[in-house]
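> Quick one: the structure is below, questions incoming.
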Amino acid sequence: LMEQLTFFHDHTMLIVIMITVLVGYMMSSLFFNTYTNRYLLESQGIEVIWTILPAITLIFIALPSLRLLYLLDEVSDPAITLKTIGHQWYWSYEYSDFIVLEFDSYMIPSNELDTDGFRLLDVDNRAILPMNTQIRMLVSAADVLHSWTIPALGVKVDATPGRLNQTNFLINRPGLFFGQCSEICGANHSFMPIVIESVTTKTFIKWI
Ligand code: CUA
Numbered sequence: 001l002m003e004q005l006t007f008f009h010d011h012t013m014l015i016v017i018m019i020t021v022l023v024g025y026m027m028s029s030l031f032f033n034t035y036t037n038r039y040l041l042e043s044q045g046i047e048v049i050w051t052i053l054p055a056i057t058l059i060f061i062a063l064p065s066l067r068l069l070y071l072l073d074e075v076s077d078p079a080i081t082l083k084t085i086g087h088q089w090y091w092s093y094e095y096s097d098f099i100v101l102e103f104d105s106y107m108i109p110s111n112e113l114d115t116d117g118f119r120l121l122d123v124d125n126r127a128i129l130p131m132n133t134q135i136r137m138l139v140s141a142a143d144v145l146h147s148w149t150i151p152a153l154g155v156k157v158d159a160t161p162g163r164l165n166q167t168n169f170l171i172n173r174p175g176l177f178f179g180q181c182s183e184i185c186g187a188n189h190s191f192m193p194i195v196i197e198s199v200t201t202k203t204f205i206k207w208i
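In UniProt numbering, the protein residues as written are 1 to 208.
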């Protein structure tokens, strides 16, 4: 899905570039010609063309966009569920499939960071998930609006008090995946990062 999002971005950017070049050429050419039409008051023909052509262009963007929108909402038989709750200003995680596994995940302050740490991005307790597994993500908040966002996974879900939002993803490789809160939630909004540690199923079960 992240790949499809990238393709859609490229597709839309290409259309934007074509429009920019066309309009740019037409505007600049106005500066360099001396033609005048003393009798032009209106022209129904050109009005029809420059109304319908942009409408068709918009359809070429809207249809792939809708396709992606519904594709992103599809939950395909997840193997595990991870629930996260946004707090001021940290995330807490609950692995509800297992007995009781809950923990808070705070950013590591710069002065406590190791030399190889990721400044403003690393957390004390990372959310560990198995790779090549469909994961259901449940997102909520305890106090104000937050947003659980990991760009590399194509995931961005608002955390709303009193609501439980759902999304899903599959990580196809091991490693660290960083994200940040993206809903203005107070003084330390910038300091509640998200870290997913993607590991093999075996390692994950051992960790559980
Ligand atoms: Cu939580 Cu911004």
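All C-beta atoms in this analysis are idealised placements derived from N, C-alpha and C, irrespective of residue type, glycine included.
How is Leu101 classed by DSSP in three states: helix, strand or coil?
Coil at Leu101, not helix or strand.
> Look up Ile128 in the DSSP assignment and give the residues it is bridged to.
Paired residues: Glu197.
> Check whether the stretch 184 to 200 and the stretch 99 to 110 are in contact - that is, three or more C-beta pairs closer than 8 Å.
Contact holds: three or more Cβ-Cβ distances are below 8 Å.
> By the DSSP assignment, the beta strand (DSSP E) with Ala159 in it spans what residues?
Looking at the DSSP string, the run of the beta strand (DSSP E) that includes Ala159 is Val155 to Ala159.
> Count the other C-beta atoms from every protein chain shown that fall within 10 angstroms of the C-beta of Leu129, then say buried if there are 16 or more, exposed otherwise.
Counting Cβ neighbours within 10 Å, Leu129 comes out buried, since at least 16 surround it.
> If we count Cβ pairs, one from each stretch, closer than 8 Å, do we get three or more for the stretch 51 to 63 versus the stretch 12 to 23?
Flag = yes, the stretch 51 to 63 and the stretch 12 to 23 touch.
> Since Gln88 contacts Asp122 with CB under 8 Å, what's their CB separation in whole angstroms?
Incorrect: roughly 20 Å between the Cβ atoms, too far for contact.
> Measuring only from the beta carbon, is Gly179 closer than 7 Å to any heavy atom that is part of the ligand CUA?
Not so, every heavy atom of the ligand CUA lies at least 7 Å from the Cβ.
> Using DSSP bridges, identify the partner residues of Arg136.
Bridge partners of Arg136: Thr81 and Asn168.
> Between the C-alpha atoms of Leu153 and Leu58, what's the straight-line distance to the nearest angstrom?
One C-alpha to the other measures close to 27 Å.
> Quick one: Cα of Ile171 to Cα of Phe7, how far?
Between Ile171 and Phe7, the C-alpha separation is close to 18 Å.
> Quick check on the burial criterion: 16 or more other C-beta atoms within 10 angstroms. Buried or exposed for Arg136?
Arg136 should be labelled buried.
> Rounded to whole angstroms, how far is the Cβ of Thr160 from the Cβ of Ser182, which I believe are closer than 8 Å?
Actually they are not in contact, since the Cβ atoms of Thr160 and Ser182 sit about 13 Å apart, beyond 8 Å.
> What is the C-beta distance between His11 and Pro64, in whole angstroms, given that I count them as a contact (C-beta under 8 Å)?
Going by Cβ atoms, the distance from His11 to Pro64 rounds to 6 Å, so yes, they are a contact pair.
> Within the stretch 21 to 96, note down every full alpha helix (DSSP H) run reaching 4 residues or more, in order along the chain.
Fully enclosed alpha helix (DSSP H) runs of 4 or longer: 44 to 73.
> Can Ser140 and Asn165 be called in contact, C-beta distance under 8 Å?
For Ser140 and Asn165, yes; Cβs fall inside 8 Å.
> Taking all protein chains shown into account, decide if Gly186 is buried (16 or more other Cβ within 10 angstroms of its Cβ) or exposed.
By the neighbour-count rule (16 or more Cβ atoms within 10 Å), Gly186 is not buried but exposed.
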